Every structure is written in structure tokens, then in C-alpha cells.
Amino acid sequence: MGSSSLLLPFVTILCIQGACGQAEFLDLPYTVSVRESAPIGTTVYNFSLINCTSSNPTVTITQVTPSSTYFNTPTQTVAGPSTYDLEITLSSTAALNAEVVNEYVLEITAQCGNETVVGQLFVKVINDVPEPQCEPQFSSQVGDKVQVYSNVPASSVIYTVVLRQPKYTPVTFKIISPSPSVFTITSPGNVRAPAAGFANSNAVYQLQIMVTDGRNNTCNGTLNVQVLPVYANAINFTSSAYVFIIPENGGPSYLVTTLKASGSNVIYELINPSTTYYIEPVTGTIRTAFNLDLETNPSLVTTVLQVRAYDKYQRSNSATTNVTIIVTDVNEFSPQCSPAIVVEEVSQNEPVGFKLADFQCIDPDYNGTTLTYSIVPNTNSLYSFRMSGTQLQINNTLNYDSYAMASVSFQYSATVVVTDSGKPPRTTNIPIFVTVTPVNNYPPQCNGPYTYSVNENEPFGTVVGQLNATDADYPFNNVQYSITGGMSPPVFYITPRTGQITLLGPLDYETKTTYNLQIQVVDLNNDIMPDPVHQMTTPCSITINVQDYNDNPPVCNPPFYHKTIYSTLLTTVPVASLQCSDIDVTNAVLFYSIVGGNTNNLFDVSGAGNVFHNQFSFNPDGIYNPTQYELLILVTDSTASPQYSTTATVFVTVIPWTTTQPTTTSTTPIPQKQTKIVNVMQQYWQPDAWFVAVLTITGALLLGAIALLTWALCTRYPLCVRGPKEGTEPLLQQSSLQNPEQPTNPNNQQPPPPAKEKKDVAPVSPLSLQFDGRAQDPVTGREYLFNSHTGERRWV
């Protein structure tokens, strides 16, 4: 009680320090290898049990697969607080044979107080026994024994050396003692009686035999030969050794054979009693004592029985023979594989040859047949996988990006079939399920169109077009669009998920005709949320052309013109040239028409905006055209809707002018005369007769009074007679000082020289006293007075 009290605080402290916890095996599960030649007591594996608070835990091997007694219960030693070292060793019955079983699975259970700990140990048996294996009885120190009668035929086979699974052929047999020997041994291990027979009927011989395989590996054995005398009613076997082959799992009392010995009153018995077989004394029938299963008890594969047949009345009259029973394996079990199912998740970019699984398969049947591996694919996994030995590998690049794979949740399915070489062959199917995970392999691709057109008068929200981009990664075409390096404020907008381009701002063809946009296309990396790390982008350049629309009226600069012309101006010379333009490029062609002020249709306008005149008429007795015109010229930019127009005004002053000589030396083509109907409406006023008489008398009296007053002034002042000199100026000087709007002389003709003085012209007024001549300008047709002495002129 005192000891327990002292230990309790110590354990409590350890728990506080963290040493306590859930009990577990350290270093389990684990796989170890043991050579099949390992002797009894060889350590198989050392491991530990930790966190066990029990002072006496129980550790046992609860199950061995396949069933076996080759392993001892783990021994345990205290290694520290709550820690125990465990060791598993080979038992005294261990007979490891890799050809029979190459792997054992040990389930180890520890009962640690209220806790149960379970672990597994995988023991692989390595085939390292090169020498041939002789039968245990034959290779023992005592050796095997055979009895023969002295009268057996010379050189007859009296014994056969049996090997357990010889590995390397050819195998040779040799009697090494006594040497030389009267016995001979031949392949395959048949010991023959002496060629001269037995001279001594009670002789005993001991033979030392050596067996050598193809690699000079040997095993030795001893054969004891006892020669029996021959009786008159001698019991004898026809052969000193028999070999019988039976299948396993024949059940208890399975018939092996029935021996027959010559003689009468024969009784049969087994010299070396066996728990596996028994013989019926009277009939000599040998049967199995229980069902023989090589997988459970591999040592049953070969059994040698010594059978004695004797006379039941004279027991010394007997004969012995060796009966070798070989149990053949029946292929009754399918291969067992680890793993039994393959469920893997791999990237679609894993290379060809990538290992998906490495199968550890065994044939539970005793014969240890060879195993072959094959793949049975389904439709979507055809040629996708391959077997390289025991490894399942990728044969073709696994594809994630397809609708077919999406329909099966991106999972490849196949079956690995493992087949043994037994008869009939047995197979095991291993389901394979490989799920492919996506990798963003491909950048987006722009497929256009890359050029779009939009009318400049389109309203906000107008769809300009749609950019198409694709992505070869599944889900296909999962891309997002955006405009990079855009304008401020933005004029266009692209819908992120559809690529539809819409109009945001107003357009003006006259200001900008083309927009070049940079579109960035980003894939979404197959994820619900974008992954900036693995996203791929592609730039796309698009061009948006603005189409012109007739939305501006023509503009004339200046909007009105003042022109003064002589009536003699050639009709081919423009009166005025309108300077009009339209900033709408599409409607650059303007149309002109006179819509007002064109009295008597004397003016026309050409398509280029030049105003021309027709012939004027200033005949006092005939048609007398006006000298002032206000032409309204309509300028339009289109003949279709929409149509915009403006009005230009041309004020034309026509100065009548006649000439008596040609103004040019060139012949002016006479235009085709066309009949024109001119309607001139004149308004006049017709007074009453009394009003006309009164007005005439009053006018006559007024004119008379003015004439008298003028005469009186001129008579009184001489200055009136000759006129003031400073009141006149040369005609040419007056012409040069004309108003800028005064017409220029057509064809640059100088006015005609002064006409000759008319002698018969008498001065009639003070003005005529200053100017003594009268003439007419041949260019303009105007009359003027001139002084022949001074050269002065004055227009009339």
C-alpha cells in the first residue's frame, strides 16, 4: 500500500507533463521482410506500446492471414513510464516458404486497462533458400528405412529419394557412403538393388546419399536398407516404393490407393503412424484422415508412408514398401490484392507513365501460381491506362476539357483483372476510379468580329456588336471581358460575361470617325470565383467606325453678297460665286436653287454655286429690266430625308451700258436664242381731267419763274457763265475714285477717246459754256460732256 501511494504522485506528474494520452502502437502498421531460411527464434519485428497506464498490458496476435502458427506471442519489457517494448519472433513450428505464402498479415491487439489498441504488421517472406530440400525423415540423423526381401529382382528400384520443390535443374543423386557401393542410384532419385542380388538374407545396409541441383546446392540424407528372408508363403509387394498423387480438398476418408501384397492372410499396417492418413488392415486401402487443405497446412504437400504387409499367423513373414503421397493444389482461390479498389484524384496534366497504384497481389492457393494483369476499360477510359508489371500507369493524357467527361463527373472508370495460372484460372477484379482535376491550360482566344460600325445619331444603349472569345478549358468559353485604357468619360461599354458592346456617350462623326478599343479577355479558371493567380488573359483590339449622318445644315460664308455689274458682262462670267460647305462628309454635294428675287428669270445658279445672268434688256420702248435684284438662293445638302438647307442672299446692281464698237477682239459665241415669255405687270394711276389741267398750268408757271430767276442770276454774275473750275475733274480720276461696288469695265476696255468737236453745237447754258462737247463711252454706253480746251469731262 505504501508503494502505491508513492507511485501515484509520480504518475500524476507525468500526466500533467503530457506523457499520458491515448494508448497506441508506435511504428504500426509496418511492413517487414523475413527470409524463408530464417531459423527458429529469429526476431521478426520490434515495436512499442506507448501511453499505456496499465501496469500489465496484454498483447497478443489475434489473427494471422493466412492462418499460421509460425509467430510467437509478442514479448514485452518496460521501457519507461507508460511505455513497453514489444518483440515478435519465429516460433518452433515456423516453416517459411515463399513459394507457398509470400506474405502474412498479423493483427496485434493490446488490452491496456479499459483501452483496446489494434495494429497490423505485414510480414513478407523472401525466397532465399537456394539448396534443394530433402524430405525431413530422409535428411534426419536417423534417416529413412526400407525393407526388402532377399529375392527381389536384381537392380530393381527399392527406394526413391523425394525432393520438396527442387529449384534449379538438373538434379543429380550420388551414394557417397559406402564407396564403392553395391547399390546404384539413378535420376530421379531411384535407389536400385545390387546387380548380383542379395547374398545375405538378413543383411542391413546404411547408404549416405547426396543430392545436388543445377547450381551445386546440396542436401544429404540417410537410407537404411534391411534385407528380409524369403518364406515359402512369402509376403511381398510388387514394388518397394509407390508414388500417388491426389488433389487437395477431397474431404475426409478420401481414397488415396489400395495396396496389394502377394501371399495369403495378409494384414496391412503403417510402420510410422500418420495423423493425416490411415490404412485399412484387411484391404490395404489408404485414405485421408481429414480434408487436406494445402493453404491451411502447406506441409501436407508430400507425405511418405511406410507400409508393412504381414502374415497374420506368422508376423515375421512380412514385406514393407514406401508410399509417397503428393497432394496437388486445386486452384480454388482467386488472387488477393492490395489495394482492393483504386480511388485516385489526379491532375489532367499528369504525364504518361504516372503511377496511379502498385498492386500487391498473392495467390492464396498453395501452388503459388504466377499472376497476370490486364485492364478492362469502359468507353471513356479506352487506352487511358496501362499495366507495367504490377503498376497501374497513365497511358494517355487524361482529358478534363470535354462534354463527355463532364457527363461522367470527370471520372475515368476501368477494371484491373488479375488472373492466376491455375486450372481453371481464377480472377480478381479491382475497380479503378480516377477523377481528373482541372488545370487552366489554355488562354482565351479572340474570334472577332474586330470591326464594327455605328451611326453617329444612335441613342444611348444602342448595341454596337458583340465580341466573341473562346476558351478551350472546360467549362468552355467561360471568359470575362473588359475595356482597358478607356476614354474618360467612356463612350462604349462591354458586358463582362457576354462581350456585347453598347453605346454610352454621344458620337460626332465630324469630330471623331474611328475608335480603337483594347479589350482584355480573362478566363475564369474553371472556378466559381476568379483566381487571379492562375487566370490567363488575352488582349483583343477592335475598331468601331462612326458612320456619318446628315445632322448639320450647309453654311455659306459670307451669307450675303453685294455685286454691281455692267449689263454688258458676259453671260459666261459668274456674277457671284457662293462659298458654301457642309461638314457632313456624306452630304458634301450641295444643291443650289434660286427661290426668290429672280425677276424675269434673268439669273441662274450652277451646281458649283456660281450665279450667272442672262441678257438684260434696257429698251425704253420695249422691255426694260430692273437694275436692282435681291436673289434668294436655297442651298440644300440632300435630296432625301433628312434634308437640311440654308439661304444665301445675293444683291445685284446692274448698270445699263451700251457700246458702238466691239469690246473684244474675240468672237463671242451667240447663244441659242430661246423664246421667253416675260410678263410685266405695271400699275399706273389715271387722274381726273380737271386735275391734269390744273397740274399742267401750275407746272408751267413754276418752270417759267425758275427760268427767269436763273437768267437773272447768270446775267448778274459772270462766274455762272464759265463755271467754277474747281468743280470739275478729269474723267479718269473720277473713275478711279468710284465706289468699290462700282462695276469694273468689262474686258478691261478703256473708255473711248473724246468724240470730235461738233461745230454746230452752240452753248445753251452756263454748263455748256464750260464743256463744249458731248460724247458716249463705247464700253459702258454712258454719255459725258467734255471741254476740248482743257480736257475736262463730266458724266451726264
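According to the working numbering, the sequence shown holds residues 1497 to 2292 in order.
Using N, Cα and C, we set each Cβ at its ideal position, and we do this for glycine too.
Quick caveat, the model's predicted, so the values are computed rather than measured.
Discussion item. Can you look up Gln2139 in the DSSP assignment and give me helix, strand or coil?
Written reply: coil
Fill in: Alpha carbon of Gly1609 to alpha carbon of Ser1588, nearest angstrom
31 angstroms
Discussion item. According to DSSP, is Phe2187 part of a helix, a strand, or is it coil?
Written reply: Per DSSP, reduced to three states, the secondary structure at Phe2187 is helical.
Worksheet item: When you compare each of Gly1759, Val1530 and Lys2059 to Thr1585 by their alpha carbons, which one comes out closest?
Response: Val1530
Worksheet item: Out of curiosity, what's the CA-to-CA distance linking Pro2002 and Thr1994?
Response: 23 angstroms
Worksheet item: Could you give the distance in angstroms between the alpha-carbon of Asn2106 and the alpha-carbon of Gln2272?
Response: 32 angstroms
Worksheet item: Ala2297 lies in the alpha helix (DSSP H); which residues open and close that run?
Response: Nothing in the structure corresponds to residue 2297, since the chain is present only between 1497 and 2292.
Worksheet item: Comparing alpha-carbon positions, which option in Tyr1970, Asn2046, Ile1997 and Pro2049 lies nearest Asp2019?
Response: Tyr1970
Fill in: Burial state of Ser1533, where buried means 16 or more other Cβ atoms lie within 10 Å
exposed
Discussion item. Does Pro1945 come out as helix, strand or coil in the three-state DSSP assignment?
Written reply: Three-state result, Pro1945: coil.
Fill in: CB-CB length for Ala1699 against Val1723, believed under 8 angstroms
Going by Cβ atoms, the distance from Ala1699 to Val1723 rounds to 5 angstroms, so yes, they are a contact pair.
Worksheet item: Quick one: what's Val1872 bridged to in DSSP?
Response: Thr1911
Discussion item. Whether or not the segment 1822–1830 and the segment 1742–1750 are in contact is what I'm after, with contact meaning three or more pairs of Cβ atoms, one per stretch, closer than 8 angstroms; do they touch?
Written reply: yes
Worksheet item: Quick one: is Ser1949 buried, meaning 16 or more other Cβ sit within 10 Å of its Cβ, or exposed?
Response: exposed
Item to complete: Using only alpha-carbon positions, find the residue among Asn1818, Pro2070, Phe1850 and Lys1919 that is nearest to Val1687.
Response: Asn1818
Fill in: Exposure of Phe1521, with buried meaning 16 or more beta-carbon neighbours within 10 Å
buried
Worksheet entry | Pick from Ser1563, Ser1814 and Ser1917 that is closest to Ser1736, judged by C-alpha positions | Ser1814
Fill in: Beta-carbon proximity check, Pro1577 vs Val1555, cutoff 7 angstroms
no
Discussion item. As a quick exercise: from Val1707, Ser1812 and Asp1640, pick the residue whose alpha carbon is nearest that of Val1667.
Written reply: Val1707
Discussion item. By the three-class DSSP mapping on this structure, what secondary structure does Tyr2293 have?
Written reply: It is not possible to answer for residue 2293, since the shown part of the chain is limited to 1497 through 2292.
Discussion item. Within a Cβ cutoff of 6 angstroms, which residues of the same chain sit near Ala2258, ignoring the five residues on either side of it in sequence?
Written reply: With a pLDDT of only 44 at Ala2258, under the threshold of 50, the placement of this residue in the model should not be trusted, and no figure is reported.
Fill in: Leu2191 versus Cys2210: straight-line alpha-carbon distance, rounded
29 angstroms
Discussion item. Quick check: the Cα distance between Asn1568 and Phe1740, rounded to an integer number of angstroms?
Written reply: 35 angstroms
Practice prompt. Express the C-alpha separation of Ile1731 and Asn1647 in angstroms, rounding to a whole number.
Written response: 12 angstroms
Discussion item. Taking 6 angstroms as the limit between beta carbons, can you name the residues of its chain near Thr1868, skipping five residues before and five after?
Written reply: Thr1915
Worksheet item: Among Val2071, Gln1704 and Ser1984, which one has its Cα closest to the Cα of Leu1635?
Response: According to the sequence displayed, residue 1635 carries Ser and not Leu. Answer by Cα proximity: Gln1704.
Discussion item. Which residue marks the beginning of the alpha helix (DSSP H) containing Gln1633, and which one marks its end?
Written reply: Pro1632 to Ser1635
Discussion item. I need the straight-line Cα distance from Thr2156 to Phe2108, nearest angstrom please.
Written reply: The pLDDT assigned to Thr2156 is 40, lower than 50, so where the model puts this residue is not dependable; a value taken from the coordinates is nonetheless given after this. Using only the alpha carbons, I get a separation of about 25 angstroms.
Item to complete: Just mark Gly1849 as buried or exposed, buried being the case when its beta carbon has 16 or more other beta carbons within 10 Å.
Response: exposed
Item to complete: Using the DSSP secondary-structure output, state which residues sit across from Ser1814 in a beta bridge.
Response: Tyr1806
Worksheet item: When the Cα atoms are used, what is the spatial distance from Gly2223 to Leu2128?
Response: Residue confidence is low: Gly2223 scores 42 on pLDDT, short of 50, so the model does not pin down where it sits. No coordinate-derived value is stated.
Worksheet item: Secondary structure at Gly1717, three-state DSSP: helix, strand or coil?
Response: DSSP places Gly1717 in strand when its eight states are reduced to three.
Worksheet entry | DSSP beta-bridge partners of Cys2076 | Cys2052
Practice prompt. Report the partner residues of Phe1988 according to the DSSP bridge assignment.
Written response: Leu1999
Item to complete: Reducing DSSP to helix, strand and coil, say where Val2356 ends up.
Response: Here the chain comprises residues numbered 1497 to 2292, so residue 2356 is not present and cannot be evaluated.
Worksheet item: Relative to the C-alpha of Ile2090, which residue among Ile1536, Tyr1727 and Thr2142 is closest?
Response: Thr2142
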